[in-house]
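Enquirer: So for the sequence shown, my numbering puts the first residue at 7; every next one is plus one. Yeah, the Cβ is synthetic: ideal placement off N, Cα and C, and Gly gets one too.
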Amino acid sequence: MYFVDNTEFLEVSKKFEETKTCMGIIMIDSYEELIQSLGQEERTQVTTEIETKIYEWASNIDGVALKSDRDRFVIIFEQKYLDEIIENKFEILKEIRNIETEGIIPTTLSIAVSADGNTNSEKFKLAMETMDLVLGRGGDQAAIRRNEKYEFYGGMRQETEKRTKVKAKTVATALEELIEEAPNILIMGHANGDIDSMGSSLGVYRIVKSLGKTANIVNNTYGMTLKDFIEAVEQEEEYKDVIIDKSQALNQVNSDTLLIVVDTHKKSYVEVPELLIKTNNIVVIDHHRRGPDYIENSILMFHEVYASSASELVAELLQYTKNNAQLTTFEAESLYAGIMVDTKNFTFKTGVRTFEAAAYLRKNDIDIIKVKKWFQSDLESYNVIADVVKNTEVIRDVIGISLYKENSDNAGLICAKAADELLTISDISASFVIGKSKNTVYISGRSIGDINVQLVLEKMRWWRTPYSCRSSDRRYNNRRSKRTVNRKN
7 MYFVDNTEFL
17 EVSKKFEETK
27 TCMGIIMIDS
37 YEELIQSLGQ
47 EERTQVTTEI
57 ETKIYEWASN
67 IDGVALKSDR
77 DRFVIIFEQK
87 YLDEIIENKF
97 EILKEIRNIE
107 TEGIIPTTLS
117 IAVSADGNTN
127 SEKFKLAMET
137 MDLVLGRGGD
147 QAAIRRNEKY
157 EFYGGMRQET
167 EKRTKVKAKT
177 VATALEELIE
187 EAPNILIMGH
197 ANGDIDSMGS
207 SLGVYRIVKS
217 LGKTANIVNN
227 TYGMTLKDFI
237 EAVEQEEEYK
247 DVIIDKSQAL
257 NQVNSDTLLI
267 VVDTHKKSYV
277 EVPELLIKTN
287 NIVVIDHHRR
297 GPDYIENSIL
307 MFHEVYASSA
317 SELVAELLQY
327 TKNNAQLTTF
337 EAESLYAGIM
347 VDTKNFTFKT
357 GVRTFEAAAY
367 LRKNDIDIIK
377 VKKWFQSDLE
387 SYNVIADVVK
397 NTEVIRDVIG
407 ISLYKENSDN
417 AGLICAKAAD
427 ELLTISDISA
437 SFVIGKSKNT
447 VYISGRSIGD
457 INVQLVLEKM
467 RWWRTPYSCR
477 SSDRRYNNRR
487 SKRTVNRKN
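Next comes the structure, spelled out in structure tokens:
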């Protein structure tokens, strides 16, 4: 028997890991809007207080914070402090959020930290990529990249609607240039498309047609909520050869194809993921909070988390097309329906620009009764949803949880509708409904209060199951998962 003293080696190894550098970026959210909302004297006071708190926070972890721009700081610290920062849940976020101002824009930070990378240059580059992810999720939160995975903290504040439309104008111009240069164009939404996905697709189709080009909309799957709408589309003469399935899309795509993805930015959630690797020209138009599985190789991205829907974003782009694209009544109704479904009839996540987009669409002789009929459920589906709601268990007085027990192809949509219905009950501010379809488990989360259901569901990503939530829809397939799920937990 041999005894080998590894103590010194292990201590050196541990010290080596702990003294590795972490590189971070700190940004003041909505800096321009924040400054404009403050008086001259208060501007200096607030910015000084923010900077002081950032420098103090860096000093507490023996780090160095360097101001690289008026709204940006670079922070460097040793990896041994990372767990301490996480344990304290990035208390700097709360400290900045608690700064009182007379303006309407709250003071918040976005923080991105990278522990990955072999050199400081690589760490900084990864921190910048992580910051793009944080900003795409609405800011007021922190993200850590380590072991090639992302961890998120904070994100409790509602997104602040931006008042300027400069970006919409810029994107509209860039999109038209790409359309004019493209030999062929495909438009694609997310899997199991809804009215927002299809409505925004039709809106983009009209932009393409206004430039004298042709395009096809890829729609391979849809649920019961889209059945009446698809039947209405099929009755429109113009769209009979426009909507194509997966096999037709794969036959048309090549490396020069312009692929416009709407209402999702997730590689795993698009209608036909294979299209993403067959072309070098991808445009993304989406409003969901960004997740780690985003489309990285897009050449143009119009990703605004403040927007109510993809239809709202497309409606804005239509107003800035150089040829003044004229929507048909059906296309206007589709976009209007997309806004209605994602805002729950203009009650959820609705800002000034949402109503401006709706007013623009209403000018096209929209038939509201026709739009309303697209949302109607048949009696059988309504009774199923009622049974799910009836069996709800309320925990902590404000969270409703229910189970859809049937193994149905429409499980995902029933869970989503039931979760929406639960929010109409007084005192319930968050709802979760779980269902199963064949080998796929669906979890649908909704919230109208202070509970961020996305953060709850993101903690369950290891489970590899599809889930949807009000601020972001995601799908994960559990067919390859070997893990055993503790159902009680």
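Leaving out five residues before and five after L409 in sequence, what residues of the same chain have Cβ atoms less than 6 Å from its Cβ?
Expert: In the sequence shown, counting from the first residue as 1, residue 409 sits at position 403. Cβ within range, chain order: I440.
Enquirer: Residues in the same chain with beta-carbon distance under 7 Å from N329, minus the five sequence neighbours each way, listed in chain order, please.
Expert: Position 323 of the sequence shown holds residue 329. Within the same chain, N329 has close Cβ partners S216 and L217.
Enquirer: With 16 other CB atoms within 10 Å as the buried threshold, where does K423 fall?
Expert: Sequence index remark: in the sequence shown, residue 423 carries index 417 (1-based). It is buried - the Cβ of K423 has at least 16 other Cβ atoms within 10 Å.
Enquirer: Going by other Cβ atoms of all chains shown within 10 Å of its Cβ, with 16 needed for buried, is T25 buried or exposed?
Expert: Locating residue 25 in the sequence shown gives position 19, counting from the first residue. It counts as exposed.
Enquirer: Work out the CA separation of E135 and K129 for me, nearest whole Å.
Expert: Taking the sequence shown and counting its residues from 1, the one referred to as residue 129 is at position 123. Taking the sequence shown and counting its residues from 1, the one referred to as residue 135 is at position 129. Approximately 10 Å, taken between the alpha carbons.
Enquirer: Please classify E302: does DSSP put it in a helix, a strand, or coil?
Expert: Here residue 302 corresponds to residue number 296 of the sequence shown, with the count starting at 1. Coil at E302, not helix or strand.
Enquirer: Taking only three categories from DSSP, how would you classify D415?
Expert: Sequence index remark: in the sequence shown, residue 415 carries index 409 (1-based). Three-state DSSP puts D415 in coil, outside helix and strand.
Enquirer: Along the beta strand (DSSP E) that carries G30, what are the first and last residues, could you check?
Expert: In the sequence shown, counting from the first residue as 1, residue 30 sits at position 24. Segment T27 to I34, the beta strand (DSSP E) holding G30.
Enquirer: Check for me: the beta strand (DSSP E) holding Q147 runs from which residue to which?
Expert: In the sequence shown, residue 147 corresponds to position 141, counting from 1. Note, Q147: beta strand (DSSP E), Q147 to R152.
Enquirer: Would D122 and E93 qualify as a contact pair, given that the criterion is a beta-carbon distance under 8 Å?
Expert: Taking the first residue of the sequence shown as 1, we reach residue 122 at position 116. Taking the first residue of the sequence shown as 1, we reach residue 93 at position 87. No, the pair does not count as a contact, with Cβ atoms beyond the cut-off.
Enquirer: Can you give me the C-alpha to C-alpha distance between E337 and I60, rounded to a whole angstrom?
Expert: The sequence position of residue 337 within the sequence shown is 331, counting from 1. The sequence position of residue 60 within the sequence shown is 54, counting from 1. In a straight line, the C-alpha of E337 is about 49 Å away from that of I60.
Enquirer: I need the DSSP call for F158, collapsed to helix, strand or coil.
Expert: Reading the sequence shown from its first residue, position 152 is the one you call residue 158. In the structure shown, F158 sits in a strand (DSSP, three-state: E or B).
Enquirer: According to DSSP, what are the bridge partners of F308?
Expert: Working through the sequence shown from its first residue, we reach residue 308 at position 302. Bridge partners of F308: I291.
Enquirer: From the DSSP output, in three-state form, read off D426 for me.
Expert: As a first step, residue 426 is located in the sequence shown; it is residue number 420 there, counting from the start. Looking at D426 - three-state DSSP - the assignment turns out to be helix.
Enquirer: For Y37, I'd like the list of residues in its chain whose CB is within less than 6 Å of its CB, leaving aside the five on either flank, ordered along the chain.
Expert: The residue labelled residue 37 in the question sits at position 31 within the sequence shown. Cβ within range, chain order: D77.
Enquirer: Quickly, what does DSSP pair M194 with across the bridge? List them, please.
Expert: On the sequence shown, residue 194 is found 188 positions in, with the first residue counted as 1. Partner(s): V224 and V267.
Enquirer: Report the residue from S443, M204, E55 and T263 whose alpha carbon sits nearest the alpha carbon of V320.
Expert: Position 314 of the sequence shown, counted from the first residue, corresponds to residue 320. The residue with the shortest Cα to Cα distance from V320 is M204.
Enquirer: Give the DSSP-derived three-state secondary structure of G406 in the structure shown.
Expert: Here the question's residue 406 lines up with position 400 in the sequence shown. Here G406 sits in strand by DSSP.
Enquirer: Give every residue of the same chain whose Cβ lies closer than 7 Å to the Cβ of K272, excluding the five residues on either side of it in the sequence, and list them in chain order.
Expert: Numbered from its first residue, the sequence shown carries residue 272 at position 266. Result list for K272: G297, D299, Y300 and R480, in chain order.
Enquirer: Quick one: Cα of N66 to Cα of Y275, how far?
Expert: For the purposes of this step, residue 66 is taken as residue 60 along the sequence shown, with counting starting at 1. For the purposes of this step, residue 275 is taken as residue 269 along the sequence shown, with counting starting at 1. So the alpha carbons of these two residues sit roughly 42 Å apart.
Enquirer: Mind checking who K442 pairs with in its DSSP beta bridge?
Expert: Stepping through the sequence shown from its first residue, residue 442 is reached at position 436. DSSP lists N413 and V447 as partners of K442.
Enquirer: Could you check what DSSP says for P472 in three-state terms: helix, strand or coil?
Expert: Walking along the sequence shown from the start, residue 472 turns up at place 466. Unreliable positioning characterises P472 in this predicted model, as indicated by a pLDDT of 44, which lies under 50. The coordinate reading is nonetheless provided below. Coil, per DSSP.
Enquirer: DSSP state of L181, grouped into three classes?
Expert: Within the sequence shown, the letter at position 175 stands for residue 181. Helix at L181.
Enquirer: Note the first and the last residue of the continuous alpha helix (DSSP H) segment covering V140.
Expert: The residue you call residue 140 lines up with position 134 of the sequence shown. Its alpha helix (DSSP H) spans residues N126 to G142.
Enquirer: Taking the alpha carbon of F22 as the reference point, which residue from Q85, G45, D373 and W63 has its own alpha carbon closest?
Expert: Here residue 22 refers to the residue found at position 16 when the sequence shown is read from its first residue. Of the listed residues, the one whose Cα sits closest to F22 is Q85.
Enquirer: How long is the line joining the alpha carbons of D371 and T334, rounded to whole angstroms?
Expert: Your numbering for residue 371 matches position 365 in the sequence shown. Your numbering for residue 334 matches position 328 in the sequence shown. The alpha-carbon atoms of D371 and T334 are separated by roughly 9 Å.
Enquirer: When DSSP labels each residue in this structure, what does E362 get in the three-state scheme?
Expert: Within the sequence shown, the letter at position 356 stands for residue 362. Correct three-state label for E362: helix.
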